Amino acid sequence: MFEALILGLVQGLTEFLPISSSAHLRILGEFLPNAADPGAAFTAITQLGTEAAVVVFFWRDIVRIIRQWFGALTGRVPRNDPDARMGWLIILGSIPIVVLGLLFQDQIETVFRSLYVVATMLIVFGIVLGLADWAGAKRRKLEDLTYPHGVYFGLAQSLALIPGVSRSGGTITMGLLLGYERAAAARYAFLLAIPAVFGSGFYQLFKSWGEPAVYGPLETAAATVVAFVVAILVIAFFMKWISRHSFLPFVIYRIALGTTVFVLLGTGVLEPF
0 MFEALILGLV
10 QGLTEFLPIS
20 SSAHLRILGE
30 FLPNAADPGA
40 AFTAITQLGT
50 EAAVVVFFWR
60 DIVRIIRQWF
70 GALTGRVPRN
80 DPDARMGWLI
90 ILGSIPIVVL
100 GLLFQDQIET
110 VFRSLYVVAT
120 MLIVFGIVLG
130 LADWAGAKRR
140 KLEDLTYPHG
150 VYFGLAQSLA
160 LIPGVSRSGG
170 TITMGLLLGY
180 ERAAAARYAF
190 LLAIPAVFGS
200 GFYQLFKSWG
210 EPAVYGPLET
220 AAATVVAFVV
230 AILVIAFFMK
240 WISRHSFLPF
250 VIYRIALGTT
260 VFVLLGTGVL
270 EPF
């Protein structure tokens, strides 16, 4: 239970920062007494807690988007209504991760969880995030989001199927490359993650029911609750941070963590699997 609570704490702290929560759970699992990968199922289920925090934090936005989207379907709301349009953009942007998640499910649960892959992704996408933050125009607002850009965001989000990329990091990086403001890119990234994370989490919950796992149902549930509470605080902090600061501290941290993992692998302290 203690290990699960620690992992839940780390999940909540890292899910919405562009540093990859799945990478942190994968690495941290090696240093806990069980010395085992918590697994893709545990990661996906605890993400239900962090995504519930998004629903709470953006509750008014979500209710308004859903109401206007249904209104547009029935003709009570103009089809070009910004919130109705955002509903379609979230649906469109969610398609890539669903398709790729099903196609590469076996690799996601096996090959992609190699610590060599994790360390590489931390460094490579840390550098890409830094370059995007430095070179991006940061002029476009959320109202400027187009359907093609929604697809690009969705493709970037699907890269988070590989531990080390970061769901928020990948989508925010794409937003910066497309010229969106930091806050706009982050806001859409958080909203876009809702269908994907809930879908993945409940699918893994159903799939893993009754199967042996490193952590049982009670431990996983406790970790999910901890992740939820911590994530609400992190979202509030992060949205304020990016309105005034760059992503450089996160870039440096990613590169340092990835390099450390490579050193530990090279010295035999860690094993790839």
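Read in order, the letters of the sequence shown are residues 0 to 272 in numbering that gives the first Met the number 0. Cβ atoms here follow ideal geometry from the backbone N, Cα and C, with glycine treated the same way. Values in this document were obtained by computation on a predicted structure and should not be read as measured data.
**Request:** For the stretch 41 to 90, list the alpha helix (DSSP H) runs that are entirely contained and at least 4 residues long, ordered along the chain.
**Result:** Qualifying alpha helix (DSSP H) stretches, in chain order: 58 to 73.
**Message:** My output table needs one value for tyrosine 214: the three-state DSSP class, helix, strand or coil.
**Reply:** coil
**Request:** Return the CA-CA distance between serine 167 and leucine 232, expressed in angstroms with no decimal places.
**Result:** Going from the Cα of serine 167 to the Cα of leucine 232 covers about 16 Å.
**Message:** Classify histidine 244: buried if its beta carbon has 16 or more other beta carbons within 10 angstroms, exposed otherwise.
**Reply:** exposed
**Item:** Backbone secondary structure at arginine 112 - three-state DSSP
**Value:** helix
**Asked** Should serine 242 go down as buried or exposed, given a rule of 16 or more other Cβ atoms within 10 Å for buried?
**Response** exposed
**Prompt:** Between which two residues does the alpha helix (DSSP H) carrying isoleucine 5 extend?
**Reply:** 1 to 13
**Asked** Between the C-alpha atoms of glutamine 106 and arginine 66, what's the straight-line distance to the nearest angstrom?
**Response** Taken atom to atom, the span from the alpha-carbon of glutamine 106 to that of arginine 66 is near 38 Å.
**Message:** Quick check on glutamate 14: buried or exposed, where buried means 16 or more other Cβ atoms within 10 Å of its Cβ?
**Reply:** buried
**Message:** What does the alpha-carbon distance come out to for the pair valine 127 and methionine 173?
**Reply:** The alpha-carbon atoms of valine 127 and methionine 173 are separated by roughly 10 Å.
**Request:** Count the CB pairs spanning the stretch 220 to 230 and the stretch 178 to 195 that are closer than 8 Å, and state whether there are at least three.
**Result:** no
**Request:** Go ahead and label tyrosine 179 buried or exposed: buried means 16 or more other beta carbons lie within 10 angstroms of its beta carbon, across all protein chains shown.
**Result:** buried
**Request:** Note the first and the last residue of the continuous alpha helix (DSSP H) segment covering histidine 23.
**Result:** Taken as a continuous stretch (DSSP letters only), the alpha helix (DSSP H) holding histidine 23 covers 20 to 28.
**Request:** Determine, using beta-carbon pairs with one atom in the stretch 27 to 46 and one in the stretch 197 to 205, whether at least three such pairs fall under 8 Å.
**Result:** yes
**Item:** Close Cβ partners of glycine 92 (< 6 Å) along its chain, the five nearest in sequence each way excluded
**Value:** Gly149, Phe152, Gly153, Leu191
**Asked** If you follow the alpha helix (DSSP H) that leucine 247 is part of, which residue opens it and which one closes it?
**Response** For leucine 247, the uninterrupted alpha helix (DSSP H) segment begins and ends at 247 to 265.
**Message:** By the DSSP assignment, the alpha helix (DSSP H) with histidine 148 in it spans what residues?
**Reply:** 146 to 157
**Message:** Tell me the rounded alpha-carbon separation between leucine 158 and threonine 73.
**Reply:** Looking at the two C-alpha atoms, the distance is approximately 35 Å.
**Request:** Determine the contact status of phenylalanine 236 and alanine 118, defining contact as a CB-CB distance below 7 Å.
**Result:** no
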